[in-house]
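Add 1 to a position in the sequence shown, counting from 1, and you land on the number used in my numbering. Notes follow the structure.
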Amino acid sequence: MLKVGMIGAGCIGSLHSANWQAVKGVKLATIADINSDKARTLAGKLGLRWTDDVNSVFRDKSIDIVDICLPTVFHKEYVLKAAKNKKHVFCEKPIARNMADARAMVDACKKADIKFMVGHVVRFFREFIKIKEQIESGAVGKVGVVRTSRCVGFPRFSPESTAWYSDFEKSGGVVLDLLAHDFDWLRWCFGEVERVYGRGLAHKALKEHIDYALVTLRFKSGVIAHAEGSWAEPGGLKTAVEVAGDKGLIDFKSDGAKPIHVSIKQIGSESAAVETPAAALTSHFTLELQEFADSIIENRLPTPSPEDSMKSLQVALAALESVKTGKVVRLR
2 MLKVGMIGAG CIGSLHSANW QAVKGVKLAT IADINSDKAR TLAGKLGLRW TDDVNSVFRD
62 KSIDIVDICL PTVFHKEYVL KAAKNKKHVF CEKPIARNMA DARAMVDACK KADIKFMVGH
122 VVRFFREFIK IKEQIESGAV GKVGVVRTSR CVGFPRFSPE STAWYSDFEK SGGVVLDLLA
182 HDFDWLRWCF GEVERVYGRG LAHKALKEHI DYALVTLRFK SGVIAHAEGS WAEPGGLKTA
242 VEVAGDKGLI DFKSDGAKPI HVSIKQIGSE SAAVETPAAA LTSHFTLELQ EFADSIIENR
302 LPTPSPEDSM KSLQVALAAL ESVKTGKVVR LR
């Protein structure tokens, strides 16, 4: 059985820790955080051992996997430690703050012959899987235009996390931290991105705990996607997707009817609903972590692959450049 060491006992670390408990073939063994109170509290809830010596987890030969749930600026440092110590590594998204760091991480893991996966969890949401299946089935014909929206309040998990989310150079704002989800899902559905154009607040309003961006992606396939991201939404997370094809429209809103359904409006016929479970039997986070565990057990690339995560970062960084310059950015 594979043993997991959790690096980070904050909000996302707590979430991952609970979900590792449901993953087959693995056992969460220890919680590590430089904040001993956080590590002790989380470990106490789960009946696990804990440490505030994070490096000890990398030295522990009984640990097979490390799960890095730390702010983006620390991802490179700890992924490289994992590679050096031959630990398979799961890391929260985005992969890194810049392409050079991302490339160094991917190359180090490849050289060490360890599995590396970044947490683009939207691929494991049942409604987003169902939308992709309907696109691939031809339910709405040839897709021309897509709209996605992901809106939530400013992250306020703790005073420390609020501070680093407010620092554009560290977090990258809503484009890098939130829209990264949609960029990955859109690439998964429609392939490689050719051009990027973005408008938004960028770093200008982060200190006031607000951010917004609207990014247009042109895919090599010809599909155009408009992705909206907001850290100015009162209440909980709201997501929406529209996929327009030459035979109809897929329409999904997270705050719509329950159980969650994807509405398909076909030209010349009445609207139909494709239902997905209102309460998933297995959490999307559990499904994501299970995929990583299975990739180790089966000795294969995880989905998304490290290269997928790098390409999603490239799209996000191009969007930030476009917001800054006001110009279209072409991807190489």
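Beta carbons: idealized from backbone N, C-alpha and C, even for Gly. None of the values given here were measured: they were computed from a predicted structure.
Residue state for T163 is assigned as helix, using DSSP reduced to three classes. Pairing G6 with I13, the inter-Cα distance amounts to about 14 angstroms.
Under the 10 Å beta carbon count, S18 is surrounded by 16 or more other beta carbons and is classified as buried. Within the same chain, Cβ atoms closer than 8 angstroms to the Cβ of A97 are found at T73, H76, K77, A103, M106 and L314, the five residues on either side in sequence being excluded.
Note on geometry: alpha-carbon atoms of L250 and R219 lie some 19 angstroms from one another. Look at the segment 219 to 254 and you find no whole run of alpha helix (DSSP H) that is 4 residues long or longer. Here A228 has T149, L180, D183 and V216 as same chain residues with Cβ atoms under 6 angstroms from its own Cβ, once five neighbours each way along the sequence are excluded. In the same chain as H210, and ignoring 5 residues on each side of it, the C-beta atoms closer than 6 angstroms to its own belong to F155, in chain order. DSSP places I8 within a strand segment (E or B) once states are collapsed to three. Under the DSSP assignment, S313 falls outside any beta strand (DSSP E), being part of the alpha helix (DSSP H) whose first and last residues are P307 to T326. Annotation for V146: no alpha helix (DSSP H) segment contains it, though the beta strand (DSSP E) segment containing it runs V144 to C152. Of the candidates V55, F293, L332 and G26, the residue whose Cα lies closest to the Cα of V119 is F293.
Beta-bridge partners assigned by DSSP to E93: G120. When only Cα atoms are considered, C92 and A83 end up about 11 angstroms apart. Annotated three-state conformation of G48 is coil, per DSSP.
The three-state secondary structure of V67, taken from DSSP, is strand. Taking one beta carbon from each stretch, the segment 130 to 150 and the segment 303 to 321 have fewer than 3 pairs nearer than 8 angstroms; the two do not touch. Nearest in C-alpha terms to V24, of all of D247, T283 and G11, is T283. Our two residues, R60 and K85, have alpha carbons roughly 10 angstroms apart in a direct line. Taking C-beta atoms as the reference points, L29 and L43 fail to come closer than 8 angstroms. Residue state for I35 is assigned as coil, using DSSP reduced to three classes.
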